[in-house]
Each structure stands twice: as structure tokens, then as C-alpha cells.
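In this note's numbering, the protein residues as written are 4 to 692. Virtual Cβ for every residue (Gly too), placed ideally from N, Cα, C.
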């Protein structure tokens, strides 16, 4: 097989030369490998001329030096002609990541079988040398040797890791031509490849056509549906998997827990939790952490904390998950309080921890706390801020009305700016009406992601809110010209272990008539309690009557109306929205919670809102937040314009500070004010508590 020195035939009774055995002697004397001269009966050295002798010797090699010693013995004794020995040597070189040596050996083979090709292709794949992996595989196909079920999965996994869908489809055609579409191992690799490339349709088609599916294949398909935006299908597959008698392993369970977290299905989450306990899965760090995340994203941060406290082992990811949970539930102070608790356990923060902390500060208006944490990252903990941390700071400052500070931070930062950073600035401009700065941020976003319709929509909404209908029309026209479509808004709610989904103006639900009748009756009750629809959130240049009709049928309102007629009284209503909840629906939810005495938990694209007794956990920080502007106007009244503040002005300031969570400042203002306090003032304070 390999051209080398011809083995000498020993016809005499005694052998004169014997090479020392490697790596056994090499381990004792690695610096001096010598020829041992002695007269010994040849029968004692017969194993040197048995190819089976070299296989365990190769496996015993601990380093490349020892591999080359055994290689020298094999060459001298002529056993590179033996394909089994030669392929094993090739494999050992690849295992020690000596690809140059392995390829040189491979090129010297006069004959290559399927194992030879498989080892070489697999060696490049495992080493991450994807270009040479593909090149060698192409040579393999040209050689005329039929690809086997060992080589193909290696190449398919490379397509998966490189997200090379085009090459993956070519390999799929090779699989088809070779008649291997019924091989479980190969098809499972194809399903995994298509899943990672986010081509779920092709993955599902292959998966459905498999005659036999093991736990690994089920797990891959469940994970793919979870990651690619169809977690409901992942839960259906999990049920089918058990019905077919396949017992899920821990990896499958982790994927199902993630699916529950994605759709916020609390009832399903509890069922999965019961399954985990019943089947005695150990709550290790991985499963425990995803369980914390699941309950938090299903709307119960208290249960998430119970799971967290019950874990025997926690790592930095577990702590970061709990901090993040408090953050997106609007409990920023609790998130910040978790940080010193984590440090006391001896666990140091990482980049994820600081993202969670800064996010929590941003969504709770904790500006000073956020600044302190950001400044301490590198100085005290050696964590260098990256683009995500800068994005959180821009969002934190922007939400608090400090637009100029956030802009200065962007100008001074040394890291490359991305779409997330400009998106945070654009969001702040939307809240505070900074149209010119919004245009600059939007242009930067569109340069980075010209095919993302969301950037155009946000800018057009800012124009609409400012009454710049011509500018809004230009953006919409540009979107139409480039064939960009806005992501449709959906709201879903889980009732009786089933997910019900609503769009704006939805007329597809079986209980359509009952839903709209309930909504109509509810609006009358809310108006009596003081609810006034805010048509500023209908961003179209139409008359007020049409705007009211549009607001009436927002998907959030439809889901809440359905929840009220479909769930027991006093039970919690949980809804999920794929986009941000508009300001009018936010106000609507507050009034509904007050009139119906129901707790409503809303999860939107940014965070959770807990509505109870007419108030929201965010204290309206997400929809108002013009604290600094309010202070400036209040302070300028008498100084600049000679208008003395009366009780109404003080009531507005108390309400502004309270909604931003600045309770101490509002109480101090109340104590120092010289005008007589009335019911409106105390009402503002009570509303925020």
C-alpha cells in the first residue's frame, strides 16, 4: 500500500537486530533511542512482524514524538502496506492534531479505502479546518470510492457549523444519489444542519420521513423549533416523542423548558416541571438555570426565585439569570441587591452579569446605580465593557431623558457601533420626541441593516407622532419601493392548556362575537372610571373616529377580553406580545386591573408589566420618563415667566416623580411646598404606591 523499504526475510535461526518498543522504552529514555544488538531466538521477536502488535502501541502514544517512533517501526518492518495499520496511524496523527503529518502520510498511500478518506475528512473537520475538509471530500467523490455513513456526517456537521446552506444542499444531493436517505445517522445530521441554518421546513420534512427516530433526532428537532421561532411546535413534538415510547434525556428536557420560556406558557411550564420531578432528573446548574429563566419568562419571578433558592449549585450564569429576571420584571432594586449577594458566595461577575444589571437599571430608572456599575466593571472586576454594555448605558441615559449624555457616550466610545446601540438611541428619541437626533440614529441603523423593516417603521412612527405626515409618507414609500414589510403584531394567551393568538382587528377566533361584546361593555366601564383613549398612538393621518376604531381592536385588548370571559374570576391573566405594547394599551391595562380587580401580566418585546389595582410595576417609566424636562419646566415657571406654581402644578410634579420611582423626591416636594394640599395631590401619590 505504501512504498517503503522491503522487509528483510530472516532465514537464520537468530535475529541480529531488534528495535526497541515504543512508547514503552521511549517513556523511560526519551532522549536516547538506541539500537539493541544481541543474539536472541527470532521467536521472541515475532510480534514485531504481526500487524496487530502496532494497533495498541499507537493507542498508547501520549505525544507526537512517540507516534513518530511507532511510525518508524511500522515503516521499517513494512507494515504501511497493511491498510488497517496505516489507517490507524493516520487516525492517531489526526487525533494529535498533526494534520500536516497526517496529510503527508495520506498522500503517500498507493491505495485509499473509505476508512482512509473518512479519517482524513474527519480530521480536518474536528480541527476546524473547514476549507481543507471540503477540498478533501471533493477529492473523495472524484476518486470513485462510495462515501459511507461515517464520512458524510462529518461534512454535514461542517456545513452546519459554517452555516453553509448551499454546500449543505449539495451534500444532501450526494446522500440521495448514494441511497443513504434511510440511514438514521446521516439523516439526523442533515436535520441538524438544516435546523442550524434555520431552514425548518426542510428539517421537518426529513424528520417526518425517517422510519426510525432516536432520542438524539427528537432532541435536535425540538431544539430547532425552539430556536427558530416555533416553540409551540416544539411542545407538540415533545408530547409525540413520549407517545412513541422514546424516553427524553436531559438535553431534550432543557430544550422543552426553553420552549416554555419562549411562549410564556405557565400551565405547560408547570406540567414540564412535574415531569422533571416525577422522572427524577437532577437539578444541576444547566437544568436549574433554564428553570429559573422559564418561570421568570412565564411571568412569575417569585417562583423563579423559589427555584433559584432551592438549587444546591449555582454558577455565574445562574446568578445572572436571576438578576436578569428581576430586571425585565421592573424590579431593578432587587436585581441590584442580588449583586453583592453573589459576590459574598465567591462568584465573580462576567460580561453577562453586567448586561443583566445594566438592563435592570435601565428599565427601572436607576441612573446613578447604573453609572456606578458601569464604571466599576473594568476597575474592580477586570471586565472590559463591550458593545452590549455601552448599549445598555445609552438606553439607561436615554430613557432618563439624558439624551445629550448618551450621545456623548456614543461619540467617546472606542468599540465599534452596531445596530443595537443605534436602536437604543432611536428608542430614547421616540420617548422624548427628539426628531432630528432620531433621523441621525435611523440613518445609521439603515446603513447597517438596510433590509430591516423595523428601523423604517420606528422612524416613520416618530415622524407621525410629531405630525410630520409628509416625511412619514416618504419613509413608507421607501419601504414599499424596497419591498420591505412591517413585522405584524401578535398577542397570545394560554387558556386551558391551549395557545390563542390575536392580531389587530382579528376576526378569526371562534368566540369572536363574545370577545367584541365583552370589549365593548368593558370600554364603557373604563370610560366611567376615567379612561380616555389616546389616539396619539394611532400613527395614521386619519380622523379621530377612525383612530378610535383602530385603538379599539388592538391585539392586546382582544386577548385581555378573551381572558376575562375564559378564565375564572380573580385568576391572573397573562398575555404575551411579540412587539412593544403601545401607550394606550398600557393605560387600558391599568384601568382594566382596577375595574375588574384582576391582576394582568403583560410580556412584550422589552420587559414584563404587572398591572394591579390600577397601577403598573414599571410606574409608567417606559411610556413617560420626561423627568428632567418636567423639572426644568417647573423650575422655570416663576423664574423666567413669572407664573407662580399652584396646587395643580405641584400635583403634576408629584405624579411625575412618583411614576419615575422617585418617591423620596416627591415626598420632600410635598413637605416643602407652601400651598395648601388637596385631594389631587394625595391622589397622585396614592396612584403610584
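- In the DSSP assignment, residue 207 falls within the unbroken alpha helix (DSSP H) covering 203-212.
- With respect to the 9 Å criterion, residue 495 and residue 427 are not classified as neighbours on the basis of their beta carbons.
- Following the DSSP letters along the chain, one finds residue 224 inside the alpha helix (DSSP H) bounded by residues 218-230.
- Residue pairing by DSSP places residue 614 opposite 603, 619 in a beta bridge.
- Of all C-beta pairs linking the segment 508-518 to the segment 557-574, three or more are shorter than 8 Å, placing the two stretches in contact.
- If you ignore the 5 residues before and after residue 117, its C-beta comes within less than 8 Å of the C-beta of 148, 149, 150, 151, 153, 154, all in its own chain and listed in chain order.
- By the 16-neighbour rule on beta-carbons within 10 angstroms, residue 351 is exposed.
- Distance from the Cα of residue 325 is smallest, within the candidate group 250, 420, 637, 295, for 295.
- When the five nearest sequence neighbours on each side are left out, the beta carbons in the same chain lying within less than 7 Å of the beta carbon of residue 195 are those of 163, 223, in order along the chain.
- The beta carbon of residue 190 is closer than 6 Å to those of 209, 213 in its chain, skipping five residues each way along the sequence.
- Shown here, residue 317 sits in coil according to DSSP, grouped into three states, outside any helix or strand.
- Its Cα nearest to that of residue 448, the residue 424 stands out among 434, 288, 424.
- Around residue 479, the same chain offers 463 as residues with beta carbons nearer than 7 Å, after the five sequence neighbours per side are excluded.
- A residue is called buried once 16 or more other Cβ atoms fall within 10 Å of its Cβ, and residue 90 is buried on that count.
- Taking C-beta separations shorter than 7 Å and ignoring five residues to either side along the sequence, the partners of residue 481 in its chain run 459, following chain order.
- Here residue 108 has 92, 93, 96 as same chain residues with Cβ atoms under 7 Å from its own Cβ, once five neighbours each way along the sequence are excluded.
- In the structure shown, residue 676 adopts coil according to DSSP, grouped into three states.
- Annotation: residue 390 is outside any beta strand (DSSP E); the continuous alpha helix (DSSP H) that includes it extends over 390-402.
- The straight-line gap separating the alpha-carbon atoms of residue 261 and residue 651 is approximately 49 Å.
- When 466, 221, 557, 572 are compared, the shortest CA-CA separation from residue 248 is found for 221.
- Taken atom to atom, the span from the alpha-carbon of residue 337 to that of residue 674 is near 28 Å.
- One thing to note: residue 581 has its Cβ within 9 Å of the Cβ of residue 608.
- Within the segment 54-90, complete alpha helix (DSSP H) segments of at least 4 residues are found at 57-63, 67-79, given in chain order.
- Its chain contains 421, 422, 425 as the residues whose beta carbon lies nearer than 8 Å to that of residue 451, once the 5 sequence neighbours on both sides are disregarded; these appear in chain order.
- Boundaries for residue 575: no beta strand (DSSP E) harbours it, and the DSSP string shows neither H nor E there.
- The beta carbons of residue 123 and residue 105 sit closer together than 9 Å.
- For residue 504, the enclosing beta strand (DSSP E) covers residues 501-506.
- Note that the segment 307-320 touches the segment 338-357; at least 3 beta-carbon pairs, one per stretch, sit closer than 8 Å.
- In its chain, beyond the 5 residues on either side, 266, 502 have a beta carbon closer than 7 Å to the beta carbon of residue 235.
- By the Cβ criterion, the segment 588-599 is in contact with the segment 608-622, since at least three pairs of Cβ atoms, one from each stretch, lie closer than 8 Å.
- For secondary structure counted as the alpha helix (DSSP H) over 4 or more consecutive residues, the segment 88-140 holds these complete runs in sequence order: 102-110, 117-130.
- With contacts defined as CB atoms closer than 9 Å, residue 203 and residue 233 qualify as a contacting pair.
- One Cα belongs to residue 354, the other to residue 432, and the distance between them is close to 27 Å.
- In this structure, DSSP gives residue 496 an extended state, which the three-state scheme calls strand.
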